[in-house]
Amino acid sequence: MGDAGYLGVTYPIDVTPPTKEEELITDALLETLKGENQFDSEAESKNREIVLGKIDKLVKNFVYLASLKHRMPEGLARTCGGKIFAFGSYRLGVHGAGADIDTLCVVPAHITRDDFFEIMAEQLKSRPEVSGMTAVPTAHVPVIKMVFGGIDIDLTFAALNQPTIPEDLELLDNKILRNLDEKTIRSVNGSRVTDEILRLVPNIPTFRLALRCIKLWAKRRAIYSNSIGFLGGVAWAMLVARTCQLYPNACAGTIVSRFFKVFLFWKWPSPVLLKTIEEGPMHLRVWNPKYYASDAAHKMPIITPAYPSMCATHNVSLSTRRIIGSELKRGVDIVDRIMKGEAQWSELFAKDEFFRNYKFYLQINVTSTDEDAFHGLCGFLESRLRVYLTSLEDVNLVVLVHPYIKNYEHNFTCTTAQEVQDIRNGTTTTQPSTPAAAAATPTPTPAATENPSTEAEGADDGNDEEKTEPVSEKKEIFTSSFYMALQLKEKNDDVPEDNRRMDISMHTQEFMRFVKSSEIWNDDTMSIFIRFLRQSQLPEEVFAGGPRTRVLSEEEKERKANRKRRKHNTDQTGKSAKKAKPASNYVPSTSGATVESSAAAKQKESGEDGRASNGKPSDDSKDSGTEGAVTLPPPVPPPAKVGGIRLKLLGSS
């Protein structure tokens with residue numbers, strides 16, 4: 006509790022009640038969220054209760070079976086007990102239609118995490134209501150992800166230091182943390198943090214409505230993912246809760262407006278706190294950047310309120326923090342107009358344009374012939390992509406690495422070795438194996454053919470006739486593609502011309518070795534392949550039937566206008582000089598070599614290194630190598646335009 010009875014670590018900024026206009030804006034927000042299907046129907050709410058009831062029974066049976074495995078007498082095994090706790094958005098009361106439920110499985114001390122990922126996982130697999138199950142035991146918080154009865158469930162595990170789990174067990178008492186390992190403490194704290202957040206907001210209904218708005222905005226703008234390096238649900242909830250503390254009497258519309266301004270101008274890495282960090286009796290490690298170098302390295306620390314306090318945003322990188330900042334700025338601009346009556350809430354929730362905003366992309370493809378192992382592979386890769394991202398941030402020309410929070414999954418049936426290789430390379434035209442899959446997910450369109458230096462080397466380069474030979478039996482392959490965008494330095498960004506090339510092969514090879522060294526990897530059934538793509542080479546499915554054309558930022562538009570003005574001035578001052586020049590920039594020489602004029606050389610250089618404003622294309626890059634060039638007979642053709650990005654990989658199949 007703060008000074009004068011207020012919640013939080015500081016005085017509020019403003020305690021005035023809402024105006025009539027602000028209340029009307031809040032009413033409009035509520036109606037917009039209803040129209041966006043952000044509230045459960047009565048039938049779905051009932052289904053959630055049924056699903057949680059079934060999982061609770063499975064947990065109790067799991068404890069019984071695991072107890073028998075540990076040679077406990079049957080009578081005693083039946084009395085051990087187990088319990089589930091819902092947390093996250095469901096516990097906060099802000100879940101929408103189709104939202105997942107974060108669930109904690111609490112068991113007695115003699116049950117192990119290995120038991121959970123063996124016995125509990127097998128129970129779940131055998132249930133007809135369960136599909137798409139993925140076990141991720143190596144995650145920061147080990148989890149089983151699945152769809153149960155049509156509801157997405159994230160099931161975590163905690164074995165408390167006590168022989169039985171009573172039905173009236175509560176997790177708020179710090180004593181339950183005694184003698185627990187770090188992973189178990191993180192798991193238990195998911196539920197403890199949720200309850201503590203609700204205790205620390207001045208007005209729960211206002212908090213819930215504002216948080217529903219922020220969650221929808223973050224998802225639409227593709228910045229809602231803790232594992233990828235953005236913010237997860239708990240972090241967004243804590244930011245909204247802090248805003249509520251600073252404006253305790255404001256209505257939800259005002260809270261949203263203040264939210265964007267508060268955190269756009271927040272002085273990171275100063276931490277966001279809902280209460281003073283407490284030291285508990287068990288001397289567990291709490292977040293403290295003065296003592297721990299790893300804590301001091303956090304880029305955007307948002308600290309959980311339950312003991313032991315931890316950073317909920319340890320995955321945030323410099324790139325993802327910048328991306329979040331740009332989205333906050335966009336939010337400020339739109340919400341300011343909403344508060345003035347000049348815009349609607351729906352404008353805030355416009356979908357992201359990730360695949361239209363950049364010039365260069367990396368496509369990370371993984372495949373497996375084992376469906377169960379495939380789901381585990383995808384979960385592992387998603388939780389480790391930030392390793393690749395942070396390594397790419399150190400590359401000389403890279404300004405920003407933007408990971409996309411969604412991956413694209415397909416399954417295919419192959420009849421030839423060539424089809425198998427194409428699918429593993431991410432360049433297949435094979436149709437999905439079943440009509441149902443084809444109907445549910447668009448068929449990927451192959452990217453355009455690239456220069457060999459931009460794709461992994463060491464792929465199957467055998468005889469083409471051998472590749473078209475039928476495989477011994479039809480082979481089903483499960484695939485997933487993840488994407489990252491690269492934003493590069495400008496040509497005039499103080500980068501010497503000799504350094505206008507970049508090589509990301511070492512970073513890529515290291516990441517692939519890292520993936521293949523994990524326990525989940527199987528060389529016989531899995532493959533990983535990383536491709537460099539220009540925006541025009543992206544598969545059709547990522548645009549979901551929408552336009553493919555690039556979207557230029559205001560800075561790009563200004564630079565484009567400046568280029569046109571410079572070109573116009575050059576044309577006006579150089580007309581007489583141009584009349585005296587040959588018509589072709591390419592002058593055949595007697596030696597059989599091509600001699601380029603200085604203008605053509607500059608044009609070629611601009612095209613070769615793939616320069617664009619912030620990794621985005623410019624008019625110069627479109628025209629390079631074509632304007633003023635003539636076709637010469639062999640052996641003196643015009644120089645071919647090649648990309649300046651080098652991604653030379655080791656074999657990955």
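If you count by my numbering, then the sequence shown holds residues 6 to 658, one letter each, in order. Where is the CB? At the ideal position from N, CA and C, for every residue including glycine. It should be emphasised that the depicted structure is a prediction, and the values quoted were computed from it without experimental measurement.
- Query: To the nearest whole angstrom, what separates the beta carbons of T143 and S373, a pair I think is in contact under 8 Å?
  - Reply: Locating residue 143 in the sequence shown gives position 138, counting from the first residue. Locating residue 373 in the sequence shown gives position 368, counting from the first residue. So it is not a contact: roughly 17 Å between Cβ atoms.
- Ignore the nearest five residues each way along the sequence and tell me which others in F90's own chain have a CB closer than 6 Å to its CB. Translated into the one-based positions of the sequence shown, residue 90 becomes position 85. Annotation for F90: L109, S196 place their beta carbon closer than 6 Å to its own, counting only its chain and skipping 5 residues before and after.
- Query: Are the Cβ atoms of E134 and G154 separated by less than 8 Å?
  - Reply: On the sequence shown, position 129 is the one that residue 134 refers to. On the sequence shown, position 149 is the one that residue 154 refers to. It is a contact, given that the beta carbons lie within the stated cut-off.
- Query: Any contact of the region 322-340 with the region 200-214, i.e. 3+ C-beta pairs under 8 Å?
  - Reply: Segment contact: the region 322-340 against the region 200-214, fewer than three CB-CB distances shorter than 8 Å; contact not assigned.
- Message: For R96, tell me which candidate among F519, V112, F67, R53 has the shortest Cα-Cα distance.
- Response: Translated into positions along the sequence shown, residue 96 becomes position 91. The candidate whose alpha carbon is nearest that of R96 is R53.
- Can you tell me which of the three DSSP states P408 falls into? Translated into the one-based positions of the sequence shown, residue 408 becomes position 403. The answer is strand: DSSP assigns P408 an E or B state.
- Task: Over the uninterrupted beta strand (DSSP E) stretch that includes M138, give me the two end residues.
- Result: Within the sequence shown, the letter at position 133 stands for residue 138. For M138, the enclosing beta strand (DSSP E) covers residues 135-141.
- Message: Please state the DSSP three-state secondary structure of C110.
- Response: Mapped onto the sequence shown, residue 110 falls at position 105. Here DSSP, grouped into helix, strand and coil, assigns C110 to strand.
- Assigned secondary structure, K479 (DSSP; H/G/I helix, E/B strand, else coil): Reading the sequence shown from its first residue, position 474 is the one you call residue 479. DSSP places K479 in the strand class (E or B) of the three-state scheme.
- Query: From which residue to which residue does the alpha helix (DSSP H) around M511 run?
  - Reply: Walking along the sequence shown from the start, residue 511 turns up at place 506. 510-521 is the span of the alpha helix (DSSP H), which, as asked, contains M511.
- Of the listed residues S314, R327, H288, nearest to K304 (C-alpha basis): Residue numbering aside, residue 304 sits at position 299 when the sequence shown is read from its first letter. Of the candidates S314, R327, H288, the one whose C-alpha sits nearest the C-alpha of K304 is R327.
- Complete beta strand (DSSP E) runs within the region 150-185 (minimum length 3 residues, chain order): Whole beta strand (DSSP E) segments, 3+ residues: 156-164.
- Validate contact between the region 345-357 and the region 212-230 using beta carbons, cut 8 Å, 3 pairs: Flag = yes, the region 345-357 and the region 212-230 touch.
- Message: I'd like to confirm the pairing. Which residues does DSSP put opposite M531 in its beta bridges?
- Response: Locating residue 531 in the sequence shown gives position 526, where the first residue counts as 1. M531 pairs with S373.
- Message: Could you check if G154 belongs to the surroundings of the ligand ZN, using beta carbon to heavy atom distance under 7 Å?
- Response: Of the ligands one can find in the structure shown there are none, so the ligand ZN has no counterpart to examine.
- Proximity below 8 Å, CB of F235 to CB of T325: One-based indexing of the sequence shown puts residue 235 at position 230. One-based indexing of the sequence shown puts residue 325 at position 320. Judged by beta-carbon spacing, T325 lies within the 8 Å limit of F235, meaning their Cβ atoms are closer than that value.
- Does the separation of the CB atoms of R539 and K364 fall below 8 Å? Counted from its first residue, the sequence shown places residue 539 at position 534. Counted from its first residue, the sequence shown places residue 364 at position 359. Taking a C-beta distance under 8 Å as the contact criterion, R539 and K364 qualify as a contact pair.
- Message: Assuming I328 is part of the alpha helix (DSSP H), what are its boundary residues?
- Response: Start at 1 with the first residue of the sequence shown, and residue 328 comes out as number 323. From DSSP, the alpha helix (DSSP H) with I328 extends over 323-344.
- Task: Quick one: residues in its chain with C-beta nearer than 7 Å to the C-beta of Y252, no 5 flanking neighbours on either side, listed in chain order?
- Result: Counting from one through the sequence shown, the residue named residue 252 turns up at place 247. Contacts found: P17, I18, D19, T259, I260, R263.
- Task: Go through its chain and collect everything with a Cβ distance to T395's Cβ below 6 Å, but skip five positions before and after it.
- Result: As a working mapping, residue 395 is identified with position 390 in the sequence shown. Around T395: S322.
- Spatial neighbours of F122 within its chain, please: CB distance less than 6 Å, with the 5 preceding and 5 following residues excluded, ordered by chain position. For this step, residue 122 is matched to residue 117 along the sequence shown. Cβ within range, chain order: A140, P142.
- Collapsed DSSP secondary structure at K25 in the structure displayed: Your numbering for residue 25 matches position 20 in the sequence shown. Look at K25 here: in three-state DSSP terms it is helix.
- Message: From the DSSP secondary-structure annotation, give me the bridge partner or partners of K88.
- Response: As a working note, residue 88 is residue 83 in the sequence shown. DSSP, once it has assigned bridges, lists V111 as partnering K88.
- Would you give the residue range spanned by the alpha helix (DSSP H) that N574 belongs to? For this step, residue 574 is matched to residue 569 along the sequence shown. Here the alpha helix (DSSP H) through N574 covers 559-578.
- Query: Contact check, N231 vs N320 under 8 Å by CB: the rounded distance?
  - Reply: Taking the first residue of the sequence shown as 1, we reach residue 231 at position 226. Taking the first residue of the sequence shown as 1, we reach residue 320 at position 315. The distance from the Cβ of N231 to that of N320 is about 6 Å, consistent with a contact at the 8 Å cut-off.
- Query: Who are the near neighbours of W350 in its chain, counting only those whose CB is closer than 7 Å to its CB and skipping five residues on each side?
  - Reply: Position 345 of the sequence shown, counted from the first residue, corresponds to residue 350. A33, L34, T37, I343, listed in sequence order.
- Message: Residues in the same chain with beta-carbon distance under 8 Å from K479, minus the five sequence neighbours each way, listed in chain order, please.
- Response: Reading the sequence shown from its first residue, position 474 is the one you call residue 479. Taken in chain order, the residues that qualify are T418, C419, T420.
- Can you pull the DSSP bridge partners for T31? Stepping through the sequence shown from its first residue, residue 31 is reached at position 26. According to DSSP, which records beta bridges pairwise, T31 is partnered with nothing at all.
- In whole angstroms, what is the alpha-carbon distance linking H415 and G101? For the purposes of this step, residue 415 is taken as the residue at position 410 of the sequence shown. For the purposes of this step, residue 101 is taken as the residue at position 96 of the sequence shown. Between H415 and G101, the alpha-carbon positions lie close to 27 Å from each other.
- So, are the CB atoms of S510 and Q368 less than 8 Å apart? Position 505 of the sequence shown, counted from the first residue, corresponds to residue 510. Position 363 of the sequence shown, counted from the first residue, corresponds to residue 368. No.
- Spatially closest choice to V277 from A302, A246, A298, by CA coordinates: Along the sequence shown, read from residue 1 onward, the residue named residue 277 stands at position 272. Out of A302, A246, A298, A246 has the C-alpha closest to the C-alpha of V277.
- Would you report the Cα separation of E424 and N527, rounded to the nearest angstrom? Counting from 1 along the sequence shown, the entry for residue 424 is found at position 419. Counting from 1 along the sequence shown, the entry for residue 527 is found at position 522. Rounded to the nearest whole angstrom, the CA to CA distance from E424 to N527 is 20 Å.
- Cβ contact check for the region 512-522 and the region 381-392: 3 or more pairs under 8 Å: Touching, per the Cβ criterion.
- Proximity below 8 Å, CB of Q250 to CB of L214: In the sequence shown, counting from the first residue as 1, residue 250 sits at position 245. In the sequence shown, counting from the first residue as 1, residue 214 sits at position 209. No.
- Item | Residues bridged to C419 (per DSSP) | For this step, residue 419 is matched to residue 414 along the sequence shown. Paired residue(s): K480.
- Does the Cβ of R553 have 16 or more other Cβ atoms within 10 Å, making it buried, or fewer, making it exposed? Looking up residue 553 in the sequence shown gives position 548. An exposed status is given to R553, since fewer than 16 other beta-carbon atoms sit within 10 Å of its beta-carbon.
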